[in-house]
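Novice:
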Amino acid sequence: MAEIEAVLAANEKASREVLAPRADEIDQTRRFPRENLKALGAAGILGLLIPQQFGGTGGTIPDMARALEMEARGCASTAMVTLMHYCAMATIAAKGSDELKKSVLPGAARGEHLGTLAFSEAGSGGHFYMPVSEARQNGSGKLLSANKSFVTSAGEADSYVVSTRRAGASGPTDVNLYLVPKGAGGFTVRGKFEGLGLAGNASAPATLSDVSVDDKARIGDEGSGFPTMLEVVLPHFQIGVASISIGIASAAFDLITTRVRERKYEQAGGAALASIPRVQFLVAEMAIELNAAKAYLNETIGKAMAGDPAAMIDVLGVKAKASESCLGIVSRAMTLGGGWAFGKRGGLERMFRDAQAAAVMAPASDVLKDFVGKASLGIPLF
Ligand SMILES: Cc1cc2nc3c(=O)[nH]c(=O)nc-3n(C[C@H](O)[C@H](O)[C@H](O)COP(=O)(O)OP(=O)(O)OC[C@H]3O[C@@H](n4cnc5c(N)ncnc54)[C@H](O)[C@@H]3O)c2cc1C
Numbered sequence: 090m091a092e093i094e095a096v097l098a099a100n101e102k103a104s105r106e107v108l109a110p111r112a113d114e115i116d117q118t119r120r121f122p123r124e125n126l127k128a129l130g131a132a133g134i135l136g137l138l139i140p141q142q143f144g145g146t147g148g149t150i151p152d153m154a155r156a157l158e159m160e161a162r163g164c165a166s167t168a169m170v171t172l173m174h175y176c177a178m179a180t181i182a183a184k185g186s187d188e189l190k191k192s193v194l195p196g197a198a199r200g201e202h203l204g205t206l207a208f209s210e211a212g213s214g215g216h217f218y219m220p221v222s223e224a225r226q227n228g229s230g231k232l233l234s235a236n237k238s239f240v241t242s243a244g245e246a247d248s249y250v251v252s253t254r255r256a257g258a259s260g261p262t263d264v265n266l267y268l269v270p271k272g273a274g275g276f277t278v279r280g281k282f283e284g285l286g287l288a289g290n291a292s293a294p295a296t297l298s299d300v301s302v303d304d305k306a307r308i309g310d311e312g313s314g315f316p317t318m319l320e321v322v323l324p325h326f327q328i329g330v331a332s333i334s335i336g337i338a339s340a341a342f343d344l345i346t347t348r349v350r351e352r353k354y355e356q357a358g359g360a361a362l363a364s365i366p367r368v369q370f371l372v373a374e375m376a377i378e379l380n381a382a383k384a385y386l387n388e389t390i391g392k393a394m395a396g397d398p399a400a401m402i403d404v405l406g407v408k409a410k411a412s413e414s415c416l417g418i419v420s421r422a423m424t425l426g427g428g429w430a431f432g433k434r435g436g437l438e439r440m441f442r443d444a445q446a447a448a449v450m451a452p453a454s455d456v457l458k459d460f461v462g463k464a465s466l467g468i469p470l471f
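This is the structure in structure tokens:
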């Protein structure tokens, strides 16, 4: 426990001293935040969720949430790269064979191995848990071919957790997950990531053309990919994205509350923008939204950790709530920031763009509400 707190304290320091000062430059040049990851790796952050027997800290979802919120306050692109790494490592730690674990987890614990997820496909879009690609039998192994539409850390990660339907699949949820190492023959990154926000996270499309894997590369039992996505990936991803949204919103709130106190009007005898009731009203709305999202996230984490059967509805709902709260907060902050924010001074405009990603990252907010509605009414999700 003491070690987890020490790692989280190092994360906070790195976020303030390494991530935040570089965030605007990374956004403007759209470059992968390699030196940020090096700093996080050296501080043990990339090993936060790795079990102690493999050299990691043995942290769990609440620790992940704290780490990502803090990172997103400094640089949301770096936080998203870290989240995808956490999702990949948690999947291997939970379902991988001993051989797979030994091949990846110790390096990740040392900060020398970066992982990511290659799930989303052009054919099924935001319904990432239902890939349209299908493996083919190749002697005793398989050939993977897929058109992956967004892969965070594409070309930068050391390994990719790839989803695909089983050879001869019975349906869209008859899925396997494979670990594909960097440099595997047939794996190519298609172009650069040109997204609106999270400009540094290299979420480019990638193609797998007859990538050869054997059964040792499979994560979990034959056909276990879909339940693994629901049991392991989904809670980490949903809670992680919600934490990042809250981190962005918190940073925007801090920026704008400072700005409205410092912005003074000469024609009004030096009165601050903060003295105007309508400004105070908007700040109040932001504060209430932020606290509501944080409370929902904490409740969701509590239920998930307690194994509460009702946790799934909140795991689905919390990403939608946190991303929408974040969008509302950064939008109001942009209004109050006026020309200062619009002129890209202070970093608020970057946060406004970064905040947009969470709502469309799968499952998108609309899809999540479809799920929450069904679950609340007792209607099967799939
Ligand atoms: C910055 C970023 C990083 C990403 N990183 C990764 C990654 O590392 N790995 C990975 O696998 N993927 C990644 N993705 C992909 C992501 O998870 C989604 O798959 C992708 O954003 C979906 O885009 P799409 O245009 O195909 O959505 P579409 O499927 O075309 O959906 C478009 C919109 O339609 C609506 N919609 C669709 N279906 C329904 C429904 N049933 N009910 C209600 N509304 C619906 C929603 O509003 C949705 O936003 C990333 C995406 C972004 C933006």
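With this note's numbering as the guide, the letters of the sequence shown map in order to residues 90 to 471. Each residue gets a CB set at the ideal place from its N, CA and C atoms; glycine is no exception. Keep in mind that this is a model prediction, so the values were computed, not measured.
Drop a sphere of 10 angstroms on the beta-carbon of Pro-452, count the other beta-carbons inside from all chains shown, and report buried for 16 or more, exposed for fewer.
Specialist: If you number the sequence shown from 1, residue 452 lands on position 363. Burial call: buried.
Novice: Taking just the CA atoms, how far does Phe-342 sit from Pro-316?
Specialist: Walking along the sequence shown from the start, residue 316 turns up at place 227. Walking along the sequence shown from the start, residue 342 turns up at place 253. Their Cα atoms are separated by approximately 38 Å.
Novice: Exposed or buried, Glu-114, counting other C-beta atoms within 10 Å across all chains shown (16 or more means buried)?
Specialist: Translated into the one-based positions of the sequence shown, residue 114 becomes position 25. It counts as exposed.
Novice: From Glu-106 to Gly-130, what distance separates their C-alpha atoms?
Specialist: The residue you call residue 106 lines up with position 17 of the sequence shown. The residue you call residue 130 lines up with position 41 of the sequence shown. In a straight line, the C-alpha of Glu-106 is about 15 Å away from that of Gly-130.
Novice: Check the C-beta distance from Thr-205 over to Ala-177 and give it rounded, since I have them as a contact under 8 Å.
Specialist: Numbered from 1 along the sequence shown, position 116 holds the residue referred to as residue 205. Numbered from 1 along the sequence shown, position 88 holds the residue referred to as residue 177. With 8 Å as the limit, Thr-205 and Ala-177 qualify as a contact, their Cβ atoms being about 6 Å apart.
Novice: If you draw a straight line from the alpha carbon of Gly-257 to that of Glu-223, how long is it in whole angstroms?
Specialist: As a working mapping, residue 257 is identified with position 168 in the sequence shown. As a working mapping, residue 223 is identified with position 134 in the sequence shown. Taking the straight line from one Cα to the other gives about 8 Å.
Novice: Any contact of the region 191 to 207 with the region 246 to 255, i.e. 3+ C-beta pairs under 8 Å?
Specialist: yes
Novice: Is Ala-211 near ligand 1, with its Cβ less than 8 Å from a heavy atom?
Specialist: Mapped onto the sequence shown, residue 211 falls at position 122. Yes, Cβ of Ala-211 sits closer than 8 Å to a heavy atom of ligand 1.
Novice: Would you mind reading off the limits of the beta strand (DSSP E) that contains Pro-294?
Specialist: Within the sequence shown, residue 294 is the residue found at index 205, counting from 1. Segment 293 to 302, the beta strand (DSSP E) holding Pro-294.
Novice: According to DSSP, Val-251 sits in a beta bridge with which residue or residues?
Specialist: Reading the sequence shown from its first residue, position 162 is the one you call residue 251. Its beta-bridge partners are Ala-207 and Tyr-267.
Novice: Taking the straight line between their C-alpha atoms, what separation do you get for Ala-382 and Asp-303?
Specialist: In the sequence shown, residue 382 corresponds to position 293, counting from 1. In the sequence shown, residue 303 corresponds to position 214, counting from 1. So the alpha carbons of these two residues sit roughly 43 Å apart.
Novice: Label Leu-157 either buried or exposed according to how many other C-beta atoms from any shown protein chain fall within 10 Å of its C-beta, with 16 as the threshold for buried.
Specialist: Within the sequence shown, numbered from 1, the residue matching residue 157 stands at position 68. So Leu-157 ends up on the buried side.
Novice: Just checking Asp-310 against ligand 1 - is the residue's beta carbon closer than 8 Å to any of the ligand's heavy atoms?
Specialist: Along the sequence shown, read from residue 1 onward, the residue named residue 310 stands at position 221. A distance criterion of 8 Å places the beta-carbon of Asp-310 beyond contact range of ligand 1, judged by its closest non-hydrogen atom.
Novice: At a cut-off of 8 Å, is Asn-290 close to ligand 1 when judged by its beta-carbon and the heavy atoms of the ligand?
Specialist: As a first step, residue 290 is located in the sequence shown; it is residue number 201 there, counting from the start. True, at least one ligand heavy atom lies under 8 Å from that Cβ.
Novice: Between Gly-148 and Ile-93, how many whole angstroms is the CB-CB distance? I'm expecting something under 8 Å.
Specialist: Sequence index remark: in the sequence shown, residue 148 carries index 59 (1-based). Sequence index remark: in the sequence shown, residue 93 carries index 4 (1-based). With a Cβ gap of about 5 Å, Gly-148 and Ile-93 count as contacting.
Novice: With a cut-off of 8 Å on the beta carbons, I'd call Leu-505 and Val-251 a contact; round off their distance for me.
Specialist: In the structure as shown, the chain begins at 90 and stops at 471. Residue 505 is therefore absent and cannot be evaluated.
Novice: Tell me which residue opens and which closes the alpha helix (DSSP H) that Ala-224 is part of.
Specialist: Position 135 of the sequence shown holds residue 224. Per DSSP, Ala-224 belongs to no alpha helix (DSSP H) and is neither H nor E.
Novice: Do you know offhand how far Phe-143's Cα is from Met-423's?
Specialist: Here residue 143 is taken as the residue at index 54 of the sequence shown, counted from 1. Here residue 423 is taken as the residue at index 334 of the sequence shown, counted from 1. Approximately 45 Å between the Cα atoms of the pair.
Novice: Whose C-beta lies closer than 7 Å to the C-beta of Arg-120 among residues of the same chain, with five residues either side of it excluded?
Specialist: Taking the first residue of the sequence shown as position 1, residue 120 is located at position 31. Contacts found: Gly-289.
Novice: Could you tell me the boundaries of the beta strand (DSSP E) in which Thr-149 lies?
Specialist: In the sequence shown, the residue the question calls residue 149 occupies position 60. Neither: Thr-149 is in no beta strand (DSSP E) and is coded neither H nor E.
Novice: At what residues does the beta strand (DSSP E) containing Thr-277 begin and finish?
Specialist: The residue labelled residue 277 in the question sits at position 188 within the sequence shown. That run of the beta strand (DSSP E) goes 276 to 278.
Novice: If you draw a straight line from the alpha carbon of Asp-187 to that of Phe-326, how long is it in whole angstroms?
Specialist: As a first step, residue 187 must be located in the sequence shown, where it is residue number 98. As a first step, residue 326 must be located in the sequence shown, where it is residue number 237. Rounded to the nearest angstrom, the two C-alpha atoms are 24 Å apart.
Novice: Taking buried to mean at least 16 other C-beta atoms within 10 Å of its own C-beta, is Leu-469 buried or exposed?
Specialist: By 1-based counting over the sequence shown, the position of residue 469 is 380. The identity of residue 469 in the sequence shown is Pro, whereas the question assumes Leu. Burial call: exposed.
Novice: How is Ser-234 classed by DSSP in three states: helix, strand or coil?
Specialist: In the sequence shown, counting from the first residue as 1, residue 234 sits at position 145. Reduced to three states, the DSSP call for Ser-234 is strand.
Novice: Grab me the residues of Leu-238's own chain with a C-beta within less than 8 Å of its C-beta, minus the 5 sequence neighbours each way, in chain order.
Specialist: Your numbering for residue 238 matches position 149 in the sequence shown. Rather than Leu, the amino acid found at residue 238 in this sequence is Ser. Ser-209, Glu-210, Ala-211, Gly-214 and Pro-294, listed in sequence order.
Novice: Contact between the region 439 to 451 and the region 363 to 374 is defined here as three or more beta-carbon pairs at a separation below 8 Å; is this criterion met?
Specialist: no
Novice: What residues are listed by DSSP as bridge partners for Leu-218?
Specialist: Within the sequence shown, the letter at position 129 stands for residue 218. Reading off the sequence shown, one finds Tyr at residue 218, where the question assumed Leu. Paired residue(s): none; Tyr-218 is not in a bridge.
Novice: In terms of alpha-carbon separation, which member of Phe-276, Leu-285, Lys-190 and Glu-283 lies closest to Ser-301?
Specialist: Here residue 301 corresponds to residue number 212 of the sequence shown, with the count starting at 1. Checking every option, the nearest Cα to that of Ser-301 belongs to Phe-276.
Novice: Using CA atoms only, rank isn't needed, just tell me which of Ile-150, Ile-139 and Val-170 is closest to Val-193.
Specialist: Numbered from its first residue, the sequence shown carries residue 193 at position 104. Among Ile-150, Ile-139 and Val-170, the Cα nearest to that of Val-193 belongs to Ile-139.
Novice: Which residues bound the alpha helix (DSSP H) around Met-394?
Specialist: Mapped onto the sequence shown, residue 394 falls at position 305. First-last of the alpha helix (DSSP H) with Met-394: 366 to 394.
Novice: Quick one: Cα of Thr-167 to Cα of Ser-259, how far?
Specialist: Taking the sequence shown and counting its residues from 1, one reaches residue 167 at position 78. Taking the sequence shown and counting its residues from 1, one reaches residue 259 at position 170. For Thr-167 and Ser-259, the distance between alpha carbons rounds to 38 Å.
Novice: Taking all protein chains shown into account, do 16 or more other C-beta atoms lie within 10 angstroms of the C-beta of Glu-160, making it buried, or fewer, making it exposed?
Specialist: Here residue 160 corresponds to residue number 71 of the sequence shown, with the count starting at 1. Using a 10 angstroms sphere on the CB of Glu-160, the tally of other CB atoms reaches 16 or more, which defines it as buried.
Novice: Under DSSP, the alpha helix (DSSP H) around Thr-241 begins and ends at which residues?
Specialist: For the purposes of this step, residue 241 is taken as residue 152 along the sequence shown, with counting starting at 1. Per DSSP, Thr-241 belongs to no alpha helix (DSSP H) and is neither H nor E.
Novice: CB of Met-178 to nearest heavy atom of ligand 1: below 8 Å?
Specialist: As a working note, residue 178 is residue 89 in the sequence shown. No; taking the cut-off as 8 Å, the Cβ of Met-178 has no heavy atom of ligand 1 nearer than that.
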